[in-house]
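Q: Structure in structure tokens, see below.
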Amino acid sequence: MPANPSTPNLDKPAVGIVIVNWNLKDSLRETLESFRKVNYPGLKIVVSDNASTDGSIEMVRREFPEVHLLTRDQGVGYAKGASLGMEFLADRTKYIFSTTNDVLVDSEMINALVDYAEAHSDAGVMGCKIFYHNRGDLLWSAGGRIHPLFAHSYHFGWNRLDAPCYDRVRECDYVTGCGFLVRSDVAKNINFFKDDLVFYSEDADFCYRVREQGFKVFYVPQAKMWHKTSTTLAKNRGTQLRYSTRNNLYVTQRHKIGYYPLSLWVNLCVVCPVKMLLFLLLLRWKNVSGIWRGIGDWRRKRYGWVKEEA
Numbered sequence: 035m036p037a038n039p040s041t042p043n044l045d046k047p048a049v050g051i052v053i054v055n056w057n058l059k060d061s062l063r064e065t066l067e068s069f070r071k072v073n074y075p076g077l078k079i080v081v082s083d084n085a086s087t088d089g090s091i092e093m094v095r096r097e098f099p100e101v102h103l104l105t106r107d108q109g110v111g112y113a114k115g116a117s118l119g120m121e122f123l124a125d126r127t128k129y130i131f132s133t134t135n136d137v138l139v140d141s142e143m144i145n146a147l148v149d150y151a152e153a154h155s156d157a158g159v160m161g162c163k164i165f166y167h168n169r170g171d172l173l174w175s176a177g178g179r180i181h182p183l184f185a186h187s188y189h190f191g192w193n194r195l196d197a198p199c200y201d202r203v204r205e206c207d208y209v210t211g212c213g214f215l216v217r218s219d220v221a222k223n224i225n226f227f228k229d230d231l232v233f234y235s236e237d238a239d240f241c242y243r244v245r246e247q248g249f250k251v252f253y254v255p256q257a258k259m260w261h262k263t264s265t266t267l268a269k270n271r272g273t274q275l276r277y278s279t280r281n282n283l284y285v286t287q288r289h290k291i292g293y294y295p296l297s298l299w300v301n302l303c304v305v306c307p308v309k310m311l312l313f314l315l316l317l318r319w320k321n322v323s324g325i326w327r328g329i330g331d332w333r334r335k336r337y338g339w340v341k342e343e344a
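Residue numbers for the sequence shown follow the working numbering, beginning at 35 and rising by one.
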């Protein structure tokens, strides 16, 4: 049955949903329809819109009047968009589920996450078992780890078929921002996402700051969702690499990942040059430029938005 936001249940803690959107009206509609089927009472759903021009705002107002819209005149990126939604919900709910506009969720997902959080006071962030959309039992993420030497982030289970080994709760370095539950007071204490990371690694930074507060990050396989994979920067790989390179170096240095400072040196002097060489051999000049500029941005501490690769 769809959740009824006007019918609170004193037996269940209040949960808010933050969905960041930018010009994906049809996908957003499917995501909101999916949340309407979630079996959890009193969900407070917020769409944080980054100045969409495709009719997303009008669609939400017309078809989902129960949803609270946060709109703005210009885009602010995923990190700040999510932060604004979290800030709105932090004093209204005990938990916040942060997600994107390209997911579908299981009707019992929120119940599974909240039940785990209520039973484990040390759990600050809880992530889901995430499948590729329309690709059967193929996993996209079963929790995240950052390699202690290469400082490279990756997902457990990525591109693998679901199996019993992915049915166990696991403590993780981080969980993807595609969808996770966080305690509202914890999110508020760390001042939400680091806004000037904009895209990429903002979820890892968020989880590491939660861990610095004494909480743990868990993968909860009973909570399931499906991801269509990101399209926000898919058309400009150079810009994508610029953000991801800059932000990965920031996270490695800020949180002293793994065998730091060796991990930072290996990332900067081995991983990045090898990637650039491979792209150079493939004649992908924009990709080479994106990595190089990302390194430069990190060295100059130049965060926030960057100009797209021409």
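Backbone N, C-alpha and C fix where the C-beta goes; we use that ideal spot for every residue, glycine too.
In this text the structure is predicted, and so the values were computed from the model without any measurement.
Just the C-alpha distance for Thr127 and Val209, rounded to the nearest angstrom, thanks.
A: Cα-Cα distance, rounded: 21 Å.
Q: Could you give the distance in angstroms between the alpha-carbon of Ala124 and the alpha-carbon of Pro47?
A: If you take the alpha carbons of Ala124 and Pro47, they lie about 13 Å apart.
Q: Closest to Asp207 by C-alpha separation, out of Tyr150, Asn270, Leu138 and Lys250, would be which residue?
A: Of Tyr150, Asn270, Leu138 and Lys250, the residue nearest in Cα terms is Lys250.
Q: Using the rule of at least 16 other Cβ atoms within 10 Å of the residue's Cβ for burial, across every protein chain shown, is Asn281 buried or exposed?
A: Under this definition Asn281 is a buried residue.
Q: Mark Gly330 as exposed unless 16 or more other C-beta atoms lie within 10 angstroms of its C-beta, in which case mark it buried.
A: By the neighbour-count rule (16 or more Cβ atoms within 10 Å), Gly330 is not buried but exposed.
Q: Using DSSP bridges, identify the partner residues of Leu172.
A: Paired residues: Leu195.
Q: Taking DSSP as the reference, what is the three-state secondary structure of Cys162?
A: DSSP places Cys162 in strand when its eight states are reduced to three.
Q: Does DSSP put Ala85 in a helix, in a strand, or in coil?
A: Coil at Ala85, not helix or strand.
Q: Cα separation between Arg186 and Asn301?
A: As written in the sequence, residue 186 is His, which differs from the Arg given in the question. If I take the Cα positions, the gap works out to 8 Å.
Q: Report the rounded CA-to-CA distance for Ile53 versus Leu296, giving the unit in angstroms.
A: Going from the Cα of Ile53 to the Cα of Leu296 covers about 37 Å.
Q: Would you decide whether Tyr284 is buried or exposed? Buried here means 16 or more other CB atoms lie within 10 Å of its CB.
A: Looking at its Cβ environment, which holds 16 or more other Cβ atoms inside 10 Å, Tyr284 is buried.
Q: Within 10 Å of its beta-carbon, does Gln108 have 16 or more other beta-carbons around it, so buried, or fewer, so exposed?
A: With fewer than 16 other Cβ atoms within 10 Å, it is exposed.
Q: Measuring alpha carbon to alpha carbon, tell me which residue in Ile224, Glu97 and Val139 is nearest His167.
A: It is Val139.
Q: Helix, strand or coil for Pro345? Go by DSSP, reduced to three states.
A: Residue 345 falls outside the range modelled here, since the chain spans only 35 to 344, and no answer is possible.
Q: If I measure Cβ to Cβ from Trp326 and keep anything under 8 Å in the same chain, skipping five residues before and after, which residues do I get?
A: Excluding residues within five positions, the ones whose Cβ falls inside 8 Å are Met310.
Q: Let me check understanding here. Comparing Cα to Cα, which of Phe252, Ser90, Phe184 and Ala116 lies closest to Tyr294?
A: Of Phe252, Ser90, Phe184 and Ala116, the residue nearest in Cα terms is Phe184.
Q: Taking its Cβ as the centre, do 16 or more other Cβ atoms sit within 10 Å of Gln247, making it buried, or is it exposed?
A: Burial call: exposed.
Q: Quick one, which of Asp201, Glu64 and Ser86 has its alpha-carbon nearest Ser175's?
A: Cα-wise, what sits closest to Ser175 is Asp201.
Q: Could you work out which residue in Trp56, Val244 and Pro99 is closest to Arg88 when comparing CA atoms only?
A: For clarity, residue 88 is Asp in the given sequence; the question names Arg instead. If we check each option's Cα against that of Asp88, Trp56 comes out closest.
Q: Alpha carbon to alpha carbon, how far is Trp339 from Lys114?
A: Taking the straight line from one Cα to the other gives about 11 Å.
Q: Counting only the same chain and skipping the five closest in sequence on each side, list residues whose C-beta sits under 8 Å from that of Lys78.
A: Result list for Lys78: Pro39, Ala48, Val49, Gly50, Ile51, His102, Leu123, Arg126 and Thr127, in chain order.
Q: Counting only the same chain and skipping the five closest in sequence on each side, list residues whose C-beta sits under 6 Å from that of Asp136.
A: Ser61 and Lys262.
Q: Take Asp230 and list the residues in its own chain whose beta-carbon comes closer than 6 Å to its own, dropping the five residues that flank it on each side.
A: Closer than 6 Å at the Cβ level, and outside the excluded window around Asp230, lie Tyr337 and Gly338.
Q: Can you give the beta carbon distance from Ala252 to Met160, rounded, assuming they're within the 8 Å contact cut?
A: Residue identity differs from the one stated: residue 252 is Phe in this sequence, not Ala. With 8 Å as the limit, Phe252 and Met160 qualify as a contact, their Cβ atoms being about 5 Å apart.
Q: For Gly213 and Thr133, which I take to be in contact (beta-carbon distance under 8 Å), what is that distance rounded to the nearest angstrom?
A: Gly213 to Thr133, Cβ: 4 Å. Contact.
Q: In its own chain, which residues sit with a C-beta less than 6 Å from the C-beta of Lys59, not counting the 5 before and 5 after it?
A: Answer for Lys59: Asp88, Gly89, Ser90 and Met93, listed in chain order.
Q: Taking all protein chains shown into account, decide if Gly324 is buried (16 or more other Cβ within 10 angstroms of its Cβ) or exposed.
A: Classification of Gly324: buried, given that the 10 Å Cβ count is 16 or more.
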